[in-house]
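Chain order of the listed sequences is A and B.
Add 46 to a position in the first sequence, counting from 1, and you land on the number used in the numbering used here.
Add 383 to a position in the second sequence, counting from 1, and you land on the number used in the numbering used here.
Have a look at the structure below, then the notes.
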Amino acid sequence: MSEMLLEIKDLHARVAGGAEILKGLSLSLPVGEVHAIMGPNGSGKSTLSYVLAGREGYEVTSGSVLYRGEDLLAMSIDERARAGVFLAFQYPVEIPGVQNGYFLRAILNARRAHLGLPELNPVEFMKRAKEALQMVKLDASMLKRSVNEGFSGGEKKRNEVMQMALLEPTLSVLDETDSGLDIDALRVVGQGVEALKGPARSALIITHFPRLLEHVTPHKVHVLSAGRVVHTGEASLARELEERGYEWLIGGER
Amino acid sequence: MSPSRRAPLAPPRPLTAAAPLLPPPALAAAEGALLASGGFGKTEALWYTPVGEALPREFVRLSPSVALEARGAARVARVGALSPERWPASPPVTAAGVSAQWAALGAPAAPPLGALTGAGAALGGSALCAWSDLSADGALLVWVPPGEEGEVRVVYTLDVPAAPAAPAAPAAPATGALTRLAARCGEGARLTLVERFEGAEGAEGAEGAEGAEGAEAAFTAHITEVELQAGADLTTEVELQAGAALTYTRAQSAPLAHLHLGAVGVALAAGAGARATLLNLGARLARVELGVDLAGEGARADLAGAFVGSGARLLDQHLTLRHLAPRCESAQRFKGLLGGVSRGVFTGRVYVAPGASGTRAEQSNPNLIVSEGARAVSRPQLEIYNDDVQCSHGATVGQLDEEALFYLRSRGLTRAVGERLLAEAFVGEVLERLDDPGAQQLAAEALARALASPEEPAQ
């Protein structure tokens, strides 16, 4: 059996004080693999991404998450990020007044400090940033704008993928990164994600529709329903779901 | 210098007579009456800021040390005990002394002392001005001749002599200084004026502990008047004459034990423009009044400020803008960032005279509260006697955006770094206006203090 990057075991979680959303979710992601998580609305996809990122307001009531053999849930939001966990937001947050270029350099240097690498000076940073911008076909002028402020939906998602390219995370979690994108933006984002595949890097692609999976081929597809993984298949499962919907899997489950 | 620039609408200043220093007993009596009666009592204008209670009844007068740089065509003189050491004796603060110094600078005859320039009326009714008129210790006079350009940067530091170790901190400041700066810009002149108020090193050390023992209580009271003549541009107590232009920066970062009182009056003649940026960052209680008279047609005032509170500071900014002539424009953008158990008070009064048609005035006062215990008070006051105006105002009180903080942390920045980025972004619009590295540094230090400020003041 290959080495596991992420092992989620019997995870139960809820929005603080609310009803349970994840109800015994188990999933293993080997090093170097890309898995897709699909499921209907309300199945717990976004909750899973927030629990993995450590968002406040979500409570894990039981179960465990091991990241490289360590207890991920014991780490703070920013410790997780510096350790190589990256969440691409479904709705990236606009932060007026914080310049995107300054922000990108700060986050890259925070990650590099964690890895024991020296800080990049502004010139070295610009070189990296321009490569990453080119990959997602964003103009360099966006470095001067405030983080995500006034960006179109497509620009926001490209900016997420651009950050991913800069930070080179060990585990990327893409939360509905394909939602709200036109065909061209989808292709750019898909190619960006595909380019980030590597032997030491893994990703969870959380998606409602299989469109992104036409550009990124996952090693496995998990179907989430009512807070649990109810079915796991090969990449071809995505197409099957598009044709047949979720009913045939979920119906048998309960 | 035309009489029309004098606002007919404000209440007359209590003490505008040419006031040579009173003989000591009479001065003491007049000061005592002002301080006790009422000048700083709990009036509407001082509702949230107990200046009267904070002021000492008896105190020792000090002369602040003044570091001054003047460039370009700006000419500087002084009167009284304000003492850059490179200047030998100067005339005392009397009407004759002030007139003689204006004449020595080559400036036109000025109004008598009490209004060092034509800008005094913009501060009409201020008890601080009345007090300063009675007994200012010293003043700097700045003149920029018509059509010329100059720059003046002043740093005031109050060196409070070390008191013998006392078991308990004094309840009120025991030492202080009353100072002024009066600037006048001739027609078409441009002035950049920067005033910084800082603590002495020793007191600054105590600042880090937020009022720990050892800090010497003191107060500063400083008036800045600028008269901009037509088309001139001014910054500080500046009298802007026709068409003149002023760029003014005022940064107050006194030690926590201090009381800081400031008043800035600007009078704008036709076509004159003033751009003023005020940082209110230090002292235990800081009250800064800004009075601007848009007295000539087409004058413009672009005013912005940041007040950044930590510990138990009370930071009060009190603006009075008077649109007295047609087609003048004003903007006020004041941002409060408050931590610890600090208080911020913003009062922005806009008066539009019956004849001031075509007035445009906008005002905004967003506040960001970064602790449980801090509070902000925002008081927009519009008084409009003309139908042909566009006035807007907006005040908000909010907290750090948790969504934005989560986003920053999810990228590996610690909560502390994320909060700093968001705080800097909040006041960034104001700080971007500063061209003075010293003022920028004071702002950065104040932001760090506000974000690290404990909920309870140190014992």
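Using N, Cα and C, we set each Cβ at its ideal position, and we do this for glycine too.
*Three or more beta-carbon pairs under 8 angstroms between the region 180-198 of chain A and the region 87-106 of chain A, yes or no?*
no
*Just the C-alpha distance for residue 692 of chain B and residue 635 of chain B, rounded to the nearest angstrom, thanks.*
12 angstroms
*What are the residues of the region 778-792 of chain B that lie near chain A, defined by any Cβ-Cβ distance shorter than 7 angstroms?*
786, 787, 789, 790, 792
*asked:* Just to make sure I have the definition right: I need the residues of chain A whose C-beta is within less than 7 angstroms of the C-beta of residue 794 of chain B. Which are they?
replied: 127, 153, 209
_Contact the region 692-704 of chain B vs the region 719-734 of chain B: 3+ CB pairs below 8 angstroms_ = yes
_Against chain A, which members of the region 794-811 of chain B pass a CB distance test of less than 9 angstroms?_
794, 795, 796, 797, 798, 800, 801, 804, 805, 807, 808, 809, 810, 811
_For residue 648 of chain B, list the residues DSSP reports as bridge partners._
B:608, B:674
_Residues in the same chain with beta-carbon distance under 6 angstroms from residue 249 of chain A, minus the five sequence neighbours each way, listed in chain order, please._
80, 218
*Please list, in chain order, all residues of the same chain as residue 772 of chain B whose beta carbon is under 6 angstroms from its beta carbon, the five residues on each side excluded.*
735, 742
*Could you confirm whether any beta carbon from chain B is found closer than 8 angstroms to the beta carbon of residue 77 of chain A?*
no
*Kindly list the residues whose CB is nearer than 7 angstroms to the CB of residue 614 of chain B, restricted to its own chain and excluding five residues on each side of it in sequence; keep chain order.*
The predicted position of residue 614 of chain B is uncertain, since its pLDDT is 43 and thus under 50; a value taken from the coordinates is nonetheless stated next. The answer, listed in chain order, is 570, 571, 625, 626, 627, 654, 655.
*For residue 124 of chain A, go through chain B and note every residue whose CB falls closer than 9 angstroms to its CB, in chain order.*
791, 792, 793, 794, 795, 796, 797, 798, 800, 801
*Contact under 8 angstroms by Cβ, residue 521 of chain B with residue 558 of chain B*: no
*residue 135 of chain A: contacting residues in chain B (beta-carbon distance under 9 angstroms)*: 790, 793
*By Cβ distance below 7 angstroms, which residues in the same chain neighbour residue 240 of chain A in space, the five residues on each side in sequence not counted?*
261, 262
*Answer yes if the region 74-91 of chain A comes into contact with the region 263-279 of chain A, meaning at least three C-beta pairs across the two stretches below 8 angstroms, and no otherwise.*
yes
*Starting from residue 66 of chain A and walking both ways along the beta strand (DSSP E), at which residues does that stretch end?*
66-76
*Whole-angstrom C-beta distance between residue 92 of chain A and residue 145 of chain A, which should lie under 8 angstroms*: Going by Cβ atoms, the distance from residue 145 of chain A to residue 92 of chain A rounds to 29 angstroms, so no, they are not a contact pair.
*Neighbour-count burial assignment, residue 768 of chain B, 16 or more Cβ in a 10 Å radius*: exposed
*How about residue 750 of chain B and residue 779 of chain B: do their beta carbons lie closer than 8 angstroms?*
yes
*Residue environment, residue 443 of chain B, which counts as buried when at least 16 other CB atoms sit within 10 Å*: exposed
_Measuring straight from C-alpha to C-alpha, what distance separates residue 228 of chain A and residue 253 of chain A?_
15 angstroms
*With respect to the alpha helix (DSSP H) encompassing residue 529 of chain B, which residues constitute its N-terminal and C-terminal limits?*
Unbroken run through residue 529 of chain B: none, as it is neither H nor E.
*CA-CA distance, residue 785 of chain B and residue 753 of chain B?*
11 angstroms
_With a threshold of 8 angstroms between beta carbons, is residue 142 of chain A in contact with chain B?_
yes
*With C-beta atoms as the reference, is residue 659 of chain B less than 8 angstroms away from residue 611 of chain B?*
no
_Complete beta strand (DSSP E) runs within the region 681-749 of chain B (minimum length 3 residues, chain order)_ = 683-692, 697-706, 712-721, 726-735
_Just to confirm my understanding: we take residue 584 of chain B, look at its own chain, exclude 5 residues before and 5 after, and list those with CB closer than 8 angstroms. What are they?_
Here residue 584 of chain B scores only 41 on pLDDT, less than 50, and its place in the model should not be relied on; the value that follows carries that caveat. Excluding positions up to five away in sequence, the list is empty.
*Since residue 239 of chain A meets chain B, which of its residues come closer than 9 angstroms, beta carbon to beta carbon?*
Chain B residues near residue 239 of chain A: none, gap ~18 angstroms exceeds 9 angstroms.
*Taking only beta-carbon atoms, is residue 60 of chain A less than 8 angstroms away from chain B?*
no
*What's the gap between the Cα of residue 224 of chain A and the Cα of residue 835 of chain B?*
40 angstroms
*Interface residues of chain B facing residue 101 of chain A [CB-CB closer than 9 angstroms]*: 789, 793
*asked:* Quick check for students: name the residue ranges of the alpha helix (DSSP H) that lie wholly in the region 203-257 of chain A, counting only runs of 4 or more.
replied: 229-241
*Interface flag, residue 572 of chain B vs chain A, CB-CB below 8 angstroms*: no
*Return the CA-CA distance between residue 258 of chain A and residue 233 of chain A, expressed in angstroms with no decimal places.*
8 angstroms
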